[in-house]
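Sequence lines, in order, name chains Z and G.
Sequential numbering of the first sequence, starting at 608, is according to this note's numbering.
Sequential numbering of the second sequence, starting at 256, is according to this note's numbering.
In this text, a Cβ means the ideal position worked out from N, Cα and C, and glycines have one as well.
The block underneath contains the structure these notes are about, expressed in structure tokens.
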Amino acid sequence: RKEVEQDPGPFNVPEGATVAFNCTYSNSASQSFFWYRQDCRKEPKLLMSVYSSGNEDGRFTAQLNRASQYISLLIRDSKLSDSATYLCVVNVRTGTASKLTFGTGTRLQVTL
Amino acid sequence: EAGVAQSPRYKIIEKRQSVAFWCNPISGHATLYWYQQILGQGPKLLIQFQNNGVVDDSQLPKDRFSAERLKGVDSTLKIQPAKLEDSAVYLCASSPLVGGNYGYTFGSGTRLTVV
Numbered sequence: 608r609k610e611v612e613q614d615p616g617p618f619n620v621p622e623g624a625t626v627a628f629n630c631t632y633s634n635s636a637s638q639s640f641f642w643y644r645q646d647c648r649k650e651p652k653l654l655m656s657v658y659s660s661g662n663e664d665g666r667f668t669a670q671l672n673r674a675s676q677y678i679s680l681l682i683r684d685s686k687l688s689d690s691a692t693y694l695c696v697v698n699v700r701t702g703t704a705s706k707l708t709f710g711t712g713t714r715l716q717v718t719l
Numbered sequence: 256e257a258g259v260a261q262s263p264r265y266k267i268i269e270k271r272q273s274v275a276f277w278c279n280p281i282s283g284h285a286t287l288y289w290y291q292q293i294l295g296q297g298p299k300l301l302i303q304f305q306n307n308g309v310v311d312d313s314q315l316p317k318d319r320f321s322a323e324r325l326k327g328v329d330s331t332l333k334i335q336p337a338k339l340e341d342s343a344v345y346l347c348a349s350s351p352l353v354g355g356n357y358g359y360t361f362g363s364g365t366r367l368t369v370v
């Protein structure tokens, strides 16, 4: 079983639509969680952290369910510029070291 | 704040040749990571340094890959000899002492093609 699993997509949605991505992780010791965005042929960039209480940043809402080891990202009112790959990321800390493990990413294509 | 610098941006080599990549992390970031991203996959950690010591190199193919971080700042990743399956983007990232809740900042990567 992969440490972080995501549906690779692609998700093709019209502008203005709401789209949700899900992710599961296998290591119950995972301590922090993130969504990264990666544009084509670019490096991953941090989109937002994910907290147990849920958090929102503009049109983006992230949720974490530790019991189910499940993370989600909701994008409302999709824009053409949201087209990218969204990477689910978990951080496991051991001692003074921490390691980010990435999912394979979910590709989103927003169309007119 | 200057970001993570990597060079070269692109590299094409023949199999069995050697190649080296360079990374300069964000000033003051003690932790440096090298990731390998194969097309269609998420980044995979190869090696993690804290200052100039190796913290995790469990996924580094040590028969052909090596990395060093002299003086706890710049780092180089070397592949010798390269194989076709090494074709990927090699990403360097850095973070404060312990990544914690801050995530990492990535460089723009080196795209390696082995032919």
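| Query | Result |
| --- | --- |
| At a Cβ cut of 8 Å, what residues of the segment 256–283 of chain G count as close to chain A, listed as they run along the chain? | This model lacks chain A altogether; the protein chains it does include are Z and G. |
| Starting from the C-beta of Z/Arg666, find all residues in its chain whose C-beta is less than 7 Å away, skip the five residues before and the five after it, and write them out in chain order. | Ile682, Arg683 and Asp684 |
| When burial is assigned at 16 or more other CB atoms within 10 Å of the CB, is Z/Gly710 buried or exposed? | buried |
| Taking the Cβ atom as the reference point for each residue, do G/Val369 and G/Ser342 lie within a distance shorter than 8 Å? | yes |
| Mapping the DSSP letters down to three states, classify G/Leu339 as helix, strand or coil. | helix |
| Tell me the DSSP secondary structure of Z/Leu719 in three-state form. | coil |
| When DSSP labels each residue in this structure, what does G/Gly362 get in the three-state scheme? | coil |
| CA-CA distance, G/Asn279 and G/Val309? | 16 Å |
| Compare the C-alpha of G/Gln291 against each of Z/Arg714, Z/Ala627 and Z/Thr708 and name the closest. | Z/Thr708 |
| What span of residues does the beta strand (DSSP E) with G/Tyr290 cover, start to end? | Thr286 to Gln292 |
| Between which residues of its own chain and Z/Tyr677 is the CB-CB distance below 6 Å, once the five residues before and five after are set aside? | Thr631 |
| Strictly under 8 Å for the Cβ-Cβ distance: is Z/Leu707 near chain G by that measure? | yes |
| Shortest alpha-carbon distance to G/Lys333 belongs to which of G/Gly295, G/Gln261, G/Ile268 and G/Ala322? | G/Ala322 |
| Out of Z/Asp664, Z/Glu663, Z/Leu680 and Z/Ser659, which one is the CA nearest neighbour of Z/Arg671? | It is worth fixing the name first, because residue 671 of chain Z is Leu in this sequence and not Arg. Selected option, being the one with the closest Cα: Z/Ser659. |
| Note down the Cα distance separating G/Gly283 from G/Thr360, rounded to an integer number of angstroms. | 13 Å |
| By Cβ distance below 7 Å, which residues in the same chain neighbour G/Asp312 in space, the five residues on each side in sequence not counted? | Ile302 |
| Just how far apart, CA to CA, sit Z/Val699 and Z/Asn662? | 20 Å |
| Is G/Gln335 close to chain Z, meaning its C-beta is less than 8 Å from at least one C-beta of that chain? | no |
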